[in-house]
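Trainee: Here's a structure for you.
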Amino acid sequence: MQIKTLYKIRTRKNNLKLHNINNKDLFNLFGIILNRKGTTNETREKVIEYARKHNVEKSVIMTFTGAVNCNIDYNAIKKEGDAGMCTVFEETRKEGLEQGLKTGRIEGQARGIVELGLEFGLSKEDILKKLEDKLNISLQKAQEYLVMFGKQTSSR
Numbered sequence: 108m109q110i111k112t113l114y115k116i117r118t119r120k121n122n123l124k125l126h127n128i129n130n131k132d133l134f135n136l137f138g139i140i141l142n143r144k145g146t147t148n149e150t151r152e153k154v155i156e157y158a159r160k161h162n163v164e165k166s167v168i169m170t171f172t173g174a175v176n177c178n179i180d181y182n183a184i185k186k187e188g189d190a191g192m193c194t195v196f197e198e199t200r201k202e203g204l205e206q207g208l209k210t211g212r213i214e215g216q217a218r219g220i221v222e223l224g225l226e227f228g229l230s231k232e233d234i235l236k237k238l239e240d241k242l243n244i245s246l247q248k249a250q251e252y253l254v255m256f257g258k259q260t261s262s263r
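The working numbering applies: residue 108 is where the sequence shown begins, and numbers increase by one.
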């Protein structure tokens with residue numbers, strides 16, 4: 108009901124004259140965005156894909172984005188390469204950020220294990236075993252952490 112009201116207001120403000128094919132495209136776009144099965148990014152990609160595939164007119168896209176208050180740039184739809192690259196860059200950045208956070212957490216845990224192990228007088232073998240077991244890492248990686256954080260602890 109709210110979308111229908113917004114649609115009428117937006118259409119009236121833009122003096123938009125929709126033809127039957129435009130109505131079909133507009134309501135198909137509404138159908139895509141109202142389908143709650145995917146993530147926001149997946150829904151956004153489906154809308155862009157539909158608009159490109161069906162060569163949806165600019166006035167329809169502008170009405171749609173105004174009615175649902177979403178940030179899909181008409182120019183991004185028309186410039187296929189640019190929109191795709193933006194999405195790739197966004198995803199790459201997110202993946203890099205997630206990997207960095209994961210690595211930081213693991214290194215923080217490793218540092219804590221090494222520092223406490225040395226503080227309580229555990230042998231290097233015991234510390235390595237704890238690192239392997241607690242962090243689910245290889246012996247080689249555990250040794251790297253022991254060298255890295257063992258030096259930092261002894262220099263304090």
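We put the CB at the ideal spot given by N, CA and C, even for glycine.
Predicted, not measured: the structure shown is a model, and the values here were computed from it.
Can you tell me the Cα-Cα spacing of V221 and N148, whole angstroms?
Mentor: So the alpha carbons of these two residues sit roughly 41 Å apart.
Trainee: Could you check the C-alpha separation between I234 and L242 for me, to the nearest Å?
Mentor: So the two alpha carbons sit approximately 12 Å from each other.
Trainee: Please confirm whether any heavy atom of the ligand SAM lies closer than 7 Å to the CB of F134.
Mentor: The model depicted lacks the ligand SAM and carries no ligand whatsoever.
Trainee: Could you pull the start and end residues of the alpha helix (DSSP H) that V154 belongs to?
Mentor: Its alpha helix (DSSP H) spans residues 147-160.
Trainee: So the candidates are R143, K144, L133, G203; which of them puts its Cα closest to the Cα of M169?
Mentor: The shortest C-alpha separation from M169 is found at L133.
Trainee: Taking 6 Å as the limit between beta carbons, can you name the residues of its chain near K153, skipping five residues before and five after?
Mentor: Excluding sequence neighbours, K153 sits near I139.
Trainee: Quick check: what's the CA-CA separation for K165 versus T146?
Mentor: The straight-line gap from Cα to Cα measures roughly 25 Å.
Trainee: Please list the terminal residues of the continuous alpha helix (DSSP H) segment that includes I244.
Mentor: Unbroken run through I244: none, as it is neither H nor E.
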